[in-house]
Structure formats: structure tokens, C-alpha cells
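Protein chains in written order, with my numbering: chain A, 45 to 1338; chain Y, 48 to 233; chain S, 153 to 295. Note that the Cβ used here is the ideal one computed from N, Cα and C, for glycine as well. If you're wondering where the values come from, they're calculated on a predicted model, not measured in any experiment. Below is one structure, written out as C-alpha cells, with a few remarks after it.
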Amino acid sequence: MVDPANTKLDRMLLDQISPAVMVLRTPLVEDSCRRNDLSLIEMLAPYSTFNNIDVPVRTASDQPYRLRKFKLRLFYNSDIRQRSAEAAKERLKQVITHAGDKNISELCSRQAEIESVITTAAQELVPSWFQNFNKELIDAAAFSEHEAFDHPVACLVAVSSKDKDPIGKFVDLFNTTQLPHLLNDGSMDPKILKYYLLVHDNQEGMLEKATGILAEMRRTFGASDCRLLCINSSVNGTEEYQQNSWASHKNSASNEKQFGCFLNKDDIEELRNTMHDFSSKHIIPHMELKIRVLNQQVSATRKGFRNQIKNLWWRKGKDDVPENPSAPMYTFNSTESQIRVLGDYAFMLRDYELALSNYRLISTDYKLDKALKHYAGVQEMMGLAYFMLDQSRKDAEYCMENAFTTYAKIGSSCGRNVTRCGIWWAEMLKARDQYKDAAGVYFRISGEEPLNSAVMLEQAAYCFLMSTPAMLRKYGFHLVLSGDLYRKCDQIKHAVRTYRGALSVFKGTAWSHIRDHVHFHIGKWYAILGMFDEGIKHVLEVLACGHQAKLTQELFLREFFQIIQETGKTFEVLRLQLPVINFPSIEVVFEDHRTYASPAAANVEESLWQALEEEMTPSVAGLKSNWLELQSKILPKKYKESNVCIAGEAIKVAVSFRNPLQIPISVSNVSLICKHSTECDKSEPASNGSLDEEKNDKGLRTVAVTGETSADASLFDLSEVNISMQGGETVLVQLTVTPKVEGTLKLVGVRWKLSGSVIGICNFQSDVVRKKVAKGKIKRKKSLKDNLEFLVIKSVPRLEGTIHSLPQTVYTGDLRCLTMELRNPSKTPVKNLKMKISHPRFLDIADQEVMNLEFPTFLKKQTISSRSCTTLDASKTAKTVFLFPKDIASSWQTPVKWPLWFRAAASGSISLYITIYYETEDVSSIIKYRTLRIHYNVEVLPSLEVSYRISPSPSRLHEFLVRMDATNKTSSENFQVHQLSCVGDQWELALLQPIGSDLSLGFLMAGQSLSCFFRLKNCKTRGSTEDKMSSLAKGIADVRLVDSESSGLFDTSVSPFDLFHHHERLHQERHGQGDDGNTVDFILIAESQDDSDTGPPRTTPEILSHYACHCRIGSSSPVWWSMDGPRSVRHDFSSGFCEINLNMTVYNSLEDAVSVRINTLDSLPRSNSITNTASVSGYEHGWHDTSHLTDAKVTPDSMGGRVGKALSPESVSPFIWSGTCSTRFNLEPLSSAEVPLQISVFCQGTFDLSNYSLQWNLLSGDRGDDGNESRVRSGSCHGRPYHITVLQKNKAEI
Amino acid sequence: MAPAAPKSGDVIFASVDRVNAELFTLTYGAIVRQLITDLEEVEEVNKQLDQMGYNIGVRLVDEFLAKSSVSRCVDFRETADVIAKVGFKMFLGVTASVTNWDADGTTCSLILEDNPLVDFVELPDTCQGLHYCNILSGVVRGALEMVSMKTEVTWLRDMLRGDDVFELQVKLLKQVPEEYPYKDDE
Amino acid sequence: MIVCVAVVGHQNNPLYIQSFTKADDSLKLHHIVHCSLDVVDERVNNPKKSGLIINETFLGLLNPTENYKVYGYLTNTKVKFILVTTDLEVRDADARVFFGRFHTAYVNAVSNPFHIPGKKITSRKFAERVSTIVKSFGLSSSS
């Protein structure tokens, strides 16, 4: 607990509650004081305060005590009265304005962080002018008649030695001059201690005269009460004091040198002595005396039981007397005011017990008298006394509270007293660290008078800050409140100050609603003060206020632009939040040796292209991943890391802006900021409005708008974009910079102009971007900073290529002839072009002469003779890099056209990548070669779904039944199935039933499905085996599926059919299981029946070709056989069983001789049949949609299975194989043999003769090991079902 | 024939062991959120959910058939009924109603008044177009495919999009003959 | 009548503030809610002084700022609910009932998988529920 004797409150009380002295003086005295630029009071003031006046004091109690601190308050008689309201307000106002002007300087200072605010001691935080302000407030309440400590204790009469008849002056100064009403209206004792001071000015007049006068005075007024005061003894008014004691007392800041410039040491000493003598020898004893006298009277009249009773009774009687408020109800000689005086004197002499006891005594009386004002005053004093005694703080607070409320109850007349009491109360609480309560008190003080309330609220705020724990939010809140009040009585500087304080609270938090409000108003007020930079800085904070209501956003924006207009300048703002750039979406596209035909191609990721270009790019490049390494020998070292771009070719940067607001904004002149420097002067880069680092920290600067972007158009061009964004819209802006001369180009940032007034600038070198690039959006694993460094080299030719009339959407199998066009705008030619296509299955090179043939008719058979039948050579298709012939590449001013075959091989969305490699003629350039990258997306819709099923023909050898199922999957297209061809040397294909049987054959409406049967004949015979190549063309079998003779068959043996057939084979190889000689490839060619043939942009295809490769034909075994014999036999079983002769033809399709063995087995065990069926089901693959019969796999188990199934009705086989149960014979390659068989049947019925098996193995043991160990050397097959019906022959027929 | 569907549904639901509903809901929610963050496309999320549902369905159907002694359904109508009354009750604890049969009895709608998946759920504006419960459609599809019905399941109404109920349209594409499809004659 | 309800996260960041007055005093209400956090902190930091039982979520009357009464509620996850009302006399029971309902509403809102914990509550459902709860304020235990 702090000792109350040295708290702030104590100091205040010393100032406020201390003996008052009325000063009367003649004008001449004032004049002589004026020499020092001081009034008499001002001159005496410093010496009327005693920090240690060591005077023994004896009040009511007998033992004396020593008084340390003491002070006299000097007033001219004219000032001893309450100030008028206006005057008081005026003084307050001036105090505040003065204070505001004083701390205008720190308004621009750095914003304090809230942490630091907490830690800083309250002293430097709380503005120092609060004391003055409070003092003014308290002084305003002074000299009310209801309290005695303001009543003058003594009267100081000062007469100059130059006055004629000084004695007379002394007398009538007191009598004539207008005395304050306090003395007249009897509220205080007019008999007052007088002290006569003769002021002598040494500048004029002799001291002797003065002494003479003094002697006379002594005679008239008594020796003790007179004194001579000599001043202005210094000869020339040049006295200097290092610490000027007057300056602190005169708050009007005039030049402080003159104060006391005529006073030398002795004068000051004399002044001091005078005041000391005055107070210690006269005032204090006087007060002591008075206290003792009064004390005796009081104790006589009021102490003791009898007096109490009498007093009470007397008051009762006094009640009914109507009291008139005009005249003071207590005259000075009334007991109450005597007690009050007693109390106050005791208080002023720091005898607080005495004071307190008297206050207690009197307060009840006042209460009974309902003299509220007096009562309150006494309560107030009691509170203070309690505090000074430092006992029972509860009582102290209770008294203060009581006084406060009472004053408040009285109403507006006591407003000042309320304030004063409140201030003292708050001080008391503060002295006891009850800051929160103090804040509450301040809050209560703040009345309707806005200026006072503003200050009080601010003090309350600081109290909250200093309370433990600090209540920051309340601190902020009250600062804001007081700020608003300051604003109301246009103390804008103070308003800004408080708001700044509040801002420190709200800065970090998520309470954006409040924060924006604070920022916004600070900005506005700064603008009013004319400090636009600060203002804009603050308003900028709230610009990106997406969370605010629409109206608020408009308000903010409007204010912002208004401020901007007021400044008249154009501001350039770093990281302007409007619109917002979202960095992760920044993309830089530039072309060094890679050039892109379309932006789409640029977006394809690099690795894909590199994989494509691997074979073409020169092998000199050790690692193609980073092409720059290759150039390192040519390039200076510093460029190694930087990208290369070519002069005259644009660098594209895609930046996406987002408008956070709900209101549309217009953004204009969006452009890149670039820094270009030519090699020759690397020292000073020709910068273009780019921001240097030191500019970054001060985020705001004014620029001359004109000439900014066009600074050095000689070096590069910038594209400017204007966009207008709706609320919440995101716009992707394509910005380009085109360097014109060689050197290094650096993309620094992007700049834009917000609705024509504010230039926003955003640097790319912010960490946001770096992080993102580390993620690897742009080229390599370099940071974006490096990625934005470009080495500009001199221009090299750049090819442009397009593929004409490449359809967006096609149907599966669509076959087209496209033309690719390559242009070279530059004069310098390029040489040895190469091309590679990512999906040869879809797109492949055609021969150039295809260009001048018209498609597709030249593919028809009859036109074969006209053109050289180019068969596809394996070499061309093996390596997919296509070399353009030299003659084209050497010279071209005209664009070069080259045909391409396009076929939509599979449905889905296909993206085709084409790269064209070419080299530049001139060796000087850094870039030796370039690649043109073309990218297309094609959407392929399903058209015909075709599936084939081949089963061996039961009747004939070498023949198979082919069932083709075609379903039209499209929704609208109609197709005409044109022809089916099977590729391969040894096949012949024919329709099962002749064409024209039904005309609708091969015409497929949308969604329709069709199935037709073919006979596939294997025409591989001995002799045709050796020269396979020669007999390639003849073997091909095409079947026309249209009845109209007009449309000829297509020749499937030539490009593009064979070309794509090759690719299809390669493609389907993967999931087809290996290719032994027993697979067939089918090509189905269909035409689309498009009646909508009008208009060149035709989307419907002309020709569709569908390839089905590796369709397995019937048997997997190389040995084929067929059984023939009678299908039905009539026999008379009465004459024994029936013998039937059968004949089996066995054919060996292999090039080697095999030995075949036929086993006939009579009975089959049940068991294996079941197991087999199980295993069979296991064998079946997924259920296929279009063909309702599956391919017959002649695998041993499945056969067995079928046997089992077939057998299931009968229990035991009713027939047996007669003759040998097994036959063995040898078969020459590609030859057949007849084997006779015989069965014996016992009863009539239909029998399935499938219970035999055929085993074969290669004879070629000696030449078997010719490398192909892979193929099967032996196998066994079960017999195929052969049904025979035996009927009973009845005699009657014979 | 299936036993009296709704009753048996309740019985089974009573018999199966449970998990806390909140846990279930939150788990599913977490999955969906993760999917959204992983593959930013809402459409992708729908696909993924459907796929997950499908995978669940193909496993779930066995348990379903085992626990609920539902015998072969004669036709699609009955199947739908069983799903609605037994299946949903058994696994979600709610019963759906079957309506909106089309003429040839291959398309119907399962109406879910309440759906434990979507408690607390509220679609943000960023992913409108998300079928939050798409996993259910996947489950139905997968389960039906296991009993050899190729179906197409789509959401017609979604409470998360402000509709009053969940409506799941089940459309029978193809009934695959279950018997072994191959004859050995030609 | 209830003027404003607010949800404040455990870092004292506003998650949800809804005012139910016609007048445009949202700023003022923001301030009031914000200030009341000071009191919440005070109560939480020295519970015994403010007579707060451990695990008691209802904080009672926080402070009567000018002509408003502010009640507080603190979940165990340090999420604060603030209730600002103009009623002159409010029964604690009513406040408790209100906060109880409000809490459940909040729980449902945050268990929406699309709600990110610690971010603002943007749920419409929640807003509707809150408004109904606010409407029914005081009616519940009046009988």
C-alpha cells in the first residue's frame, strides 16, 4: 500500500486544498513587476510552495507536530469567484487544442504494437496534459460558498514605494476596492488577517525613501505585519537562470528568458524570505489560533450528550422555517460553517483526525437540514480525509460515492462539483491500484458535455489498460468512444490519436468489422487534417473488404477515391489489395528452342514433349532435360540459369485477378513491369517503373503517370489490358512482353490502374510465388525469380504449323486424309525437318502424291493400276520419326503442305501431339535447332461395334464359319457397311448366302445391330508356302456387302489401310495372346449415309474402317479332321446289330510331318464329365455383348465337357467302336489322309459319336530343334460331335 | 418369395450389431471432405463415391442375402421392393418407399424421407452439384449387378439441394440370364 | 428482447455474430461483444473470485453496458457464446435454457463435414435455428 502522503492525489490536494491568500496591489506594483514580464502573483508563486517548510504546528491536540509540505494560493481579489461557464469551457478548450497541437508530431509516427503498449509504463503512455485538464476542471468548481478551504485566509496588500501617500493607499486599497462577494455576503468572516508589503523597485528611487515609508508603516499597522520587498536590483536586465522557476508556473509559452530578468540573487532570496516569513510567521500561526478558538467553541456547544440532544431538538424546530435558497443558509458565524471552517483549516494543516471528526460532526447536521450541497461537500472532504489517514478504504470510497451521487442528485448546478469529486475519487482508486473501478468512475463522470466526456472516456480507457490483467478490449472500446466524441467537437487530432491507440488493439484480431471501421475513420480524419499519405495508407487497409456489406464497400471505395482526388496526385501502391492477384495461378509461357503452335500446346507438360522429341533432338545434347547446359560453352556463365527467349517473340504471362468486392470495379492499363538490360551496360539496367527493394518498405509513392510505361519502348513492347470486373469475379489476364533487342529481360511484376486513379503494383518476387514454384508449376525446379530472368537472343526463324480441317469430333474408325501446312514467316530458311507423331495409330504420314488424288475414290480397286501400289515397308513404320525430303526443306517462301492420314482408332477423347524439328541455317545464332509443337484434341464417338466369331465348319475341312455382329452405337448416324476384308495370304472370304437375298443387308440405322455369316476358307496349299511374299496380293479376300455394283471395293492392301492395319496389329498384339498361324485379321469398311451433305464443314465421316486382328480361328491344333458317313441308317435290328462304316479325313496344316493316332473309347466315366463342366465354366471369359454364341475353343476339357453333357441322357453308351480301338498313321506336311472307321449299333436311336480322341505329335525329332521350341510338339483333341440316327427297318418295305 | 418385407427388415435391423450414428455420419463426412480436397473436381468426387459404393455393394449383397433369408425375386419390381424395405432398413435403419414405376416396369424411384448420412450436412456453395450420398447409388448398383441385373442409378431429388426427399431412380438396363449361357450345339 | 447473439472461438475470434435489431448498430454490438470477452477472460482466469464453479459453462451476467445486458456461456472447448439483451430483468433460468439450446445448435453446425473448425459459421440451417431459439427466448420457463 502506497503512503498516501506521496500519491498523485496528495499533490493534487496540495494544489487545490491549501490556504488561499487574497492579493491587493496598486498599479505601480504591477508595473514594476511587469519589467520581468511577470505579474506580482506570478513572481511570488514559485516561492509560495514549500516542499519542506519545517514549522511546528499545534492544533487542537496538545502535542505539536511538524508540517512539511505547505502551499499558499495567491489570488487577486477579482479572481476570487466562481468562473462563468463560458470562461471555464473556453479554458478547457484551449488546454485541449494546445495539447493537440503539441502532439501533432507523433501522429505520423510508427504505429505502436499492442504488446509494447502493454509493457510500456503508464506514465509515458497517458498524455501529460490530463493533469492540466483535470486541474482546470477542478478549478472551475472553486470558490463555492459551501466549502471553506477556498476562502482567503489572509490578505496581502502590496503598495509600491513610488506611490504617493503609501500609508493611505494601504488603507483604502482594502476599503475601497471591490472585495469578492464571499466576504460581503457573509458566507465568510470579513475580519481577515492583513499583511502589508511595500514593494520597492531598485531601478528607480532610492532605498532610503522606502525604508522611511516602512518605518512609518510599522508605526501605523504594527511592527510585525509590515515588510519591505526590494526587486529589480539587477542593473541591466540580463539575468539568466539555468532552471527558470517561473516557466513552469506560467503555462502560456512566451519566451522564457525575460522571466525575472531584472531579479538578481538577492532579490530572489528576498522573495523567498518574504513568502516564508509570511506563511510561517503569520498564516500558519493565524490558522492554528483560529483552529483552537473554533475548537473550543465547537466542543462547548456541540460536544457532549446534552449538546447533541439540544442540537437535534433545535434542528427539529428549525425545520418548519421556510428556507430561501437565495441567501446562504449558513452565515460565517453559524455553528455549521464554523465547524466546516475548523475542519478545512485542520485539513489544510494536515491534521486529518481533527478534520475528520469535525466533518463527521457536521455532515449529519447538513443531512438533517437537507442542505445537500453542503452535505456532499463534507462527505467529499471526509472521503479525502479517510484516504489521507489511509484507514478503512471502504469508508473513504463510501464517502466519495455518497458525495458523488449527492452532487449528481442536486443537478446541473453542481455539475462541476460532480466532476471534481469524480476526479478525486478516481485518483483515489488509482492510488490504490483499483484501476477498473477508477475507469468506472471516469465513465460516470462523462456527462453530456462532449469534450469533457471525451477526455474522461480516454482516461477511463487508460485505466482499463493499466488494470491487471489489462483489459485491452475495453481499452480499445473506450478509446473509440472518446474518439467519436473528440470528433464531435472537432478535436480531430485527438480523435486520430485515440483511434490509433484503439487500432493497436484491433490490428491483429479477426474482428474485421471493428477494425475496418477504425481504419476507415482514421484515414478519413487524416485526410481532413491534410495528411493524405497517412490517410490513404489507412483506407487502403479496408479496400479489400469482401466481408463487409455492399453499401459499406461502396462507401469505403467512394471515400478512398475522394481522398485520392483531394491529393490530386496519382499514387502507386505496393500490394494494392484491389483486385487481388492469386499467385498460384501465374503462368509464364515463353519459347526458346521449343515453340508452340497453340496455347493449348504450351499447356501440355514438358516431360511429354521431351519424351516425344528424344529421338529427334541432336545427340550432342548430353542431357536433354535441361537444354541450357548444352549451350553453356557459348553462353556466359551468368546466363546459365536464365531462360532464353528470342527477340521479337512474345513472352506470355497469365495472371488471374479476383475482385473481392461485390461491386464492380474497373481495372485499366494492366501490364507487366519489366527490366531490360543489354549486355554492354549491365551496370545500369534500363528499368521500367520497376520497384527497387528500398521502395518496397514504404509501400506508397507518387509517380508521374505519363511516360511511365512508355519509358523505353525501344527495348520491348508491353501489352496493356483493360478489364472491368463484376463483383466477386475472377478474370484471367493474358499479358505479353515482346523484347526487341538482345540482352537480358527480367519480369519484375505487374502493374494496373484502379479506376483510373490508383496504380497498383505487385512484385512477382514475393514468397508466395516462390513457394508455388517450388511446387514446380513452371518449367524446372528453379525458383520463379530465375524463371523470370530471360536471356534475349537475336531472332531466329520460327515455323508455324497447322493441320487443316482436323475435326473436333469424329466417329470411331473414321478415315480421313488431312493436310498439314507449315509456314516460315522469316526470310532465313530452315533445314532438315523431322516430324514425330505421338499416336501413329490415329495419325500418320501419307505419301505426298496423295495430295493431288481425290479421296477416297482412289482407294478403290480399279484405280490401283493408276498409282504405284506402295506396300508399307517395315522400316518406315518401325521408327516413327519422319524425315521430310531435303528439297522441301531447303527453300520455301510458300507454305508447304503435306498429307496426313487420320483414323479414329478408338473411342474416347484423344489428344494428339506432333513435334516438328528443324534447324536454322545460320550458325551464328545460339539456338541451333527449334521444335514446333502442335497439339490437338479429338473427341472420338463410338460408331460401329463389331465382333467376330469363328467356328470351324463341321462339314468341310479348311473352312470356317465367321459370324460378324455389328451394332450401330451412334444415336443419329446411319452407316452402310461396305465391305469386309480379311488380311493375310491364305484366306478367302465369301458370304454364306449370296448377296441380294435381302437388300437391307449391311445398312445400319442408328442403334440397329446386324449379324451376317461368312465362309472363311483357308487356301493354304503346298506350293504356295515357299513364295509367300509374292502371293501376297492375290490371297486377300474382300466381300462387298452392298448390292450396288457402282461402288467398287476398296483395296485394303495399300496405304492407308495397310498402314493402320499394321498399327492395329501392333496395338492389339498386346492383349491378343501370341500369334500362331491360326488367326485372321478382318477389316470392315463402312460408309456413312449422310443425307446432310450440304456445306463443306461436314462432321459425318465418309469412310469408317474397323480392324479386328488376331481373331482365333477354329482349332488350336494343327491337325484338322472331318468325319463323314451316313447321317441316318435304317436297319433291321432283328437281324443282329448294325455296322456302319464311317470315313475320317485328317489334314495336317503344319509344315512338318506328324503322326496321328485315333483312339476310340467306348465308355466314359461320369465323374470326369462333371469336373469338366465345372472347369469349362471356369474357362469362359466375360460375357460378350453382341455375339450370342461364343468362340468354340477346341480345348480338351471343353470337348470333354460337351461329351459329358451330350451323354447325360443315356446311362451307358449303346454303341461301340468296332475294328481297331486305335489307329496310327503318319501325315506329310499339308497333306490329308483318309481313315476308315466302323461302329456297331445295338438299338435304334440317335447317337453322338464324339467319344473318340485324336492324338498327334511331330515326327521331326531330328530337325525339331530349329529354334522354335516354343511351339507345341504334340497334342490331343477330343472328337467333335457327329450325330447319326439309326432307325428300325420294318419288313413291310421290302 | 421374399418374406413379408418390412417386418423382416426390422427384425434384421434389430438383430445386426450397430455403430454409433454420429460416428458413422462423421466418418462418411470426413471421407467426402477428403475426396473433395484430394480430387478438386466435384464431378470426380461423385464418380469416386459411386465407385466406392459399387465396391461396397458387390460385397454387401452377399451378407444381405445371407442375413435376410430373401429368396429369389421373381421380377425387378420385387427386387426394388426388397431393396427398399429390407435392404435399406437393414443397413441404414431407414425404409424407403418405391414409386414412379414406368410402364414396362424397368424404372422406379426409391424415396428416402430421412437419410442418416446427411445429418448436420449442408452443402457449401462451392460444391453444389455434389451428390453427397452418391455412395448409396453405387451400393445399389453394385449389389444389383451381383445378382445379375445391370442397372443405372441416378439421383432425382436431393434434400441437400432443397428438395423435400431423396429420390433415387433405379433403371434396369439388362437382366443377365443367370444360367450358363452356352449350348454346345452350333 | 434479444439484441444480438455471438459465437466466439477459443482464440477470441468471432465465429458468428447475428444482431436482431432493425437499426444499423452492428458496429456497436460488435464492440459490446468484443468487450464482454474481457470479462469472460477475467472470470475464467480467477474463477473463485467471480464465484464460478469448475466446469460450469454458464457464466451469468457479464456486464451491464449501457442499457444492455450481456450474458456469457463458455463451452469446455473454450468457445464462448455471448447473448446481448435489452430486457431489464432476465431470469438466469431463461438464459441457461437459451444457451443450452444454442449449444446443441452449435454442435450440429460444427459437425457439418463442410464446416472448418475455427472458421466462421456460414451455415444457413444454423442461422435459422438460432433465430427460432431467439424468438422463443424467455417463453420457455415463464410458465
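Practice prompt. Mind checking which residues open and close the alpha helix (DSSP H) that includes residue 71 (chain A)?
Written response: Your numbering for residue 71 (chain A) matches position 27 in the first sequence. Taken as a continuous stretch (DSSP letters only), the alpha helix (DSSP H) holding residue 71 (chain A) covers 71-78.
Worksheet item: So with Cβ pairs under 9 angstroms, would you call residue 513 (chain A) a contact of chain S?
Response: On the first sequence, position 469 is the one that residue 513 (chain A) refers to. Chain S places a beta carbon closer than 9 angstroms to that of residue 513 (chain A), counting this residue as a contact.
Fill in: Exposure label - residue 384 (chain A); buried when at least 16 CB within 10 Å
Counting from 1 along the first sequence, the entry for residue 384 (chain A) is found at position 340. It counts as buried.
Discussion item. Along the chain, where does the beta strand (DSSP E) containing residue 1292 (chain A) start, and where does it finish?
Written reply: One-based indexing of the first sequence puts residue 1292 (chain A) at position 1248. That run of the beta strand (DSSP E) goes 1289-1292.
Discussion item. Tell me the DSSP secondary structure of residue 493 (chain A) in three-state form.
Written reply: Indexing the first sequence from 1 puts residue 493 (chain A) at position 449. Note: residue 493 (chain A) maps to coil in three-state DSSP.
Worksheet item: Leaving out the 5 sequence neighbours to the left and right, which residues in its chain are closer than 7 angstroms to residue 322 (chain A) when beta-carbon positions are compared?
Response: Here residue 322 (chain A) refers to the residue found at position 278 when the first sequence is read from its first residue. Around residue 322 (chain A): 239.
Discussion item. Beta-carbon within less than 6 angstroms of residue 559 (chain A)'s beta-carbon, same chain only, minus the 5 sequence neighbours each way: which residues are those?
Written reply: Taking the first sequence and counting its residues from 1, one reaches residue 559 (chain A) at position 515. Cβ within range, chain order: 550.
Fill in: Members of the stretch 60-93 of chain Y near chain S, C-beta cut-off 9 angstroms
Answer set for the stretch 60-93 of chain Y: 69, 72, 73, 75, 76, 77, 78, 79, 80, 83.
Worksheet item: Looking at the C-beta of residue 174 (chain Y), does it have a partner C-beta in chain S at a distance below 9 angstroms?
Response: Residue numbering aside, residue 174 (chain Y) sits at position 127 when the second sequence is read from its first letter. Yes, contact with chain S.
Fill in: Three or more C-beta pairs below 8 angstroms linking the stretch 603-611 of chain A and the stretch 573-589 of chain A
The stretch 603-611 of chain A makes contact with the stretch 573-589 of chain A: 3 or more CB pairs, one atom from each, lie closer than 8 angstroms.
Practice prompt. Thinking residue 426 (chain A) and residue 389 (chain A) are a contact (beta carbons under 8 angstroms), I'd like their distance in whole angstroms, please.
Written response: Against the first sequence, residue 426 (chain A) aligns to sequence position 382. Against the first sequence, residue 389 (chain A) aligns to sequence position 345. With 8 angstroms as the limit, residue 426 (chain A) and residue 389 (chain A) do not qualify as a contact, their Cβ atoms being about 16 angstroms apart.
Practice prompt. Taking 9 angstroms as the cut-off, decide whether the C-beta atoms of residue 231 (chain A) and residue 417 (chain A) are in contact.
Written response: Within the first sequence, the letter at position 187 stands for residue 231 (chain A). Within the first sequence, the letter at position 373 stands for residue 417 (chain A). It is not a contact, given that the beta carbons lie outside the stated cut-off.
Worksheet item: Would you call residue 910 (chain A) buried or exposed, if buried means 16 or more other Cβ atoms sit within 10 Å of its Cβ?
Response: Here residue 910 (chain A) refers to the residue found at position 866 of the first sequence. In this prediction, residue 910 (chain A) has a pLDDT of 41, which is less than 50 and means its spatial position is unreliable; nothing more can be read from the coordinates.
Discussion item. Quick check for students: name the residue ranges of the beta strand (DSSP E) that lie wholly in the stretch 944-1021 of chain A, counting only runs of 3 or more.
Written reply: DSSP runs (the beta strand (DSSP E)) wholly in the stretch 944-1021 of chain A: 952-964, 973-985, 988-996, 1003-1012.
Worksheet item: Taking 9 angstroms as the CB-CB cut-off, is residue 228 (chain S) touching chain Y?
Response: Counted from its first residue, the third sequence places residue 228 (chain S) at position 76. At least 9 angstroms separates the CB of residue 228 (chain S) from every CB of chain Y.
Worksheet item: For residue 244 (chain A), is the classification buried or exposed, using 16 other Cβ atoms within 10 angstroms of its Cβ as the cut-off for buried?
Response: Start at 1 with the first residue of the first sequence, and residue 244 (chain A) comes out as number 200. Its Cβ being crowded by 16 or more others within 10 Å, residue 244 (chain A) is buried.
Item to complete: Just confirm the distance between the C-beta atoms of residue 718 (chain A) and residue 634 (chain A), as a whole number of angstroms; I'd bet it's less than 8 angstroms.
Response: Stepping through the first sequence from its first residue, residue 718 (chain A) is reached at position 674. Stepping through the first sequence from its first residue, residue 634 (chain A) is reached at position 590. Rounded, the Cβ-Cβ distance is 13 angstroms, inconsistent with contact.
Worksheet item: Smallest Cα separation from residue 846 (chain A): which of A:92, A:645, A:791?
Response: Taking the first residue of the first sequence as position 1, residue 846 (chain A) is located at position 802. Out of A:92, A:645, A:791, the CA that lies nearest to the CA of residue 846 (chain A) is found in A:645.
Worksheet item: Could you check where the alpha helix (DSSP H) with residue 219 (chain Y) kicks off and where it finishes?
Response: Here residue 219 (chain Y) corresponds to residue number 172 of the second sequence, with the count starting at 1. In the DSSP assignment, residue 219 (chain Y) falls outside any alpha helix (DSSP H) and within the unbroken beta strand (DSSP E) covering 213-222.
Worksheet item: Taking the C-alpha atoms as reference points, what is the distance between residue 203 (chain A) and residue 174 (chain A)?
Response: As a first step, residue 203 (chain A) must be located in the first sequence, where it is residue number 159. As a first step, residue 174 (chain A) must be located in the first sequence, where it is residue number 130. Looking at the two C-alpha atoms, the distance is approximately 38 angstroms.
Discussion item. Let's test the definition: count the other Cβ atoms within 10 Å of the Cβ of residue 39 (chain A) and tell me whether it reaches 16, buried, or not, exposed.
Written reply: Residue 39 (chain A) cannot be examined here, being either before or after the span of chain A that is shown, 45 to 1338.
Fill in: Opposing strand residues paired with residue 1280 (chain A) [DSSP bridges]
Counting from 1 along the first sequence, the entry for residue 1280 (chain A) is found at position 1236. Bridge partners of residue 1280 (chain A): A:1187.
Practice prompt. Please determine if the stretch 148-168 of chain Y and the stretch 177-189 of chain Y are in contact, where contact requires at least 3 C-beta pairs separated by less than 8 angstroms.
Written response: They touch, by the three-pair rule.
Fill in: residue 1126 (chain A) and residue 1024 (chain A) closer than 9 angstroms at C-beta
Translated into positions along the first sequence, residue 1126 (chain A) becomes position 1082. Translated into positions along the first sequence, residue 1024 (chain A) becomes position 980. The answer is yes: Cβ separation under 9 angstroms.
Fill in: Test: residue 160 (chain Y) CB closer than 9 angstroms to a CB of chain S
The residue given as residue 160 (chain Y) occupies position 113 in the second sequence. Not closer than 9 angstroms to any Cβ of chain S, the Cβ of residue 160 (chain Y) fails to qualify, so no.
Worksheet entry | Given 8 angstroms, three or more beta-carbon pairs between the stretch 123-135 of chain Y and the stretch 167-177 of chain Y | With a cut-off of 8 angstroms, the stretch 167-177 of chain Y and the stretch 123-135 of chain Y do not count as touching, because too few Cβ pairs lie within range.
Worksheet entry | residue 1181 (chain A), DSSP secondary structure in three states | Stepping through the first sequence from its first residue, residue 1181 (chain A) is reached at position 1137. If DSSP states are grouped into helix, strand and coil, residue 1181 (chain A) belongs with coil.
Worksheet item: Under 9 angstroms between the Cβ atoms of residue 497 (chain A) and residue 526 (chain A)?
Response: For this step, residue 497 (chain A) is matched to residue 453 along the first sequence. For this step, residue 526 (chain A) is matched to residue 482 along the first sequence. Yes, Cβ-Cβ distance for residue 497 (chain A) and residue 526 (chain A) is below 9 angstroms.
Worksheet item: Which residues, in order along the stretch 496-513 of chain A, keep a beta-carbon less than 9 angstroms from a beta-carbon of chain S?
Response: Cβ contacts with chain S: 508, 513.
Worksheet item: Under a Cβ-count criterion, where at least 16 other Cβ atoms within 10 Å of its own Cβ denotes burial, should residue 895 (chain A) be classed as buried or exposed?
Response: Start at 1 with the first residue of the first sequence, and residue 895 (chain A) comes out as number 851. Exposed, since its Cβ has fewer than 16 Cβ neighbours within 10 Å.
Item to complete: Could you have a look at residue 182 (chain Y) and say whether DSSP puts it in helix, strand or coil?
Response: The residue you call residue 182 (chain Y) lines up with position 135 of the second sequence. Three-state DSSP puts residue 182 (chain Y) in a helix.
Fill in: Neighbour list for residue 269 (chain S) in chain Y, Cβ cutoff strictly below 9 angstroms
For the purposes of this step, residue 269 (chain S) is taken as the residue at position 117 of the third sequence. Within 9 angstroms of the CB of residue 269 (chain S), no CB atom of chain Y is found; the nearest one sits about 12 angstroms away.
Worksheet item: For residue 382 (chain A), which of helix, strand or coil comes out of DSSP?
Response: By one-based count along the first sequence, residue 382 (chain A) stands at place 338. Taken through DSSP and simplified to helix, strand or coil, residue 382 (chain A) comes out as helix.
Worksheet item: In chain A, what lies closer than 7 angstroms to residue 264 (chain S) by C-beta?
Response: For the purposes of this step, residue 264 (chain S) is identified with residue 112 of the third sequence, where counting begins at 1. Annotation: residue 264 (chain S) has no Cβ neighbours in chain A at a cutoff of 7 angstroms; minimum Cβ distance is about 20 angstroms.
Worksheet item: Among A:790, A:769, A:773, which residue has its Cα nearest to the Cα of residue 762 (chain A)?
Response: Taking the first residue of the first sequence as 1, we reach residue 762 (chain A) at position 718. Nearest of A:790, A:769, A:773 to residue 762 (chain A), Cα basis: A:790.
Worksheet entry | Beta-carbon proximity of residue 992 (chain A) to residue 973 (chain A), cut-off 9 angstroms | Residue numbering aside, residue 992 (chain A) sits at position 948 when the first sequence is read from its first letter. Residue numbering aside, residue 973 (chain A) sits at position 929 when the first sequence is read from its first letter. No. Outside cutoff.
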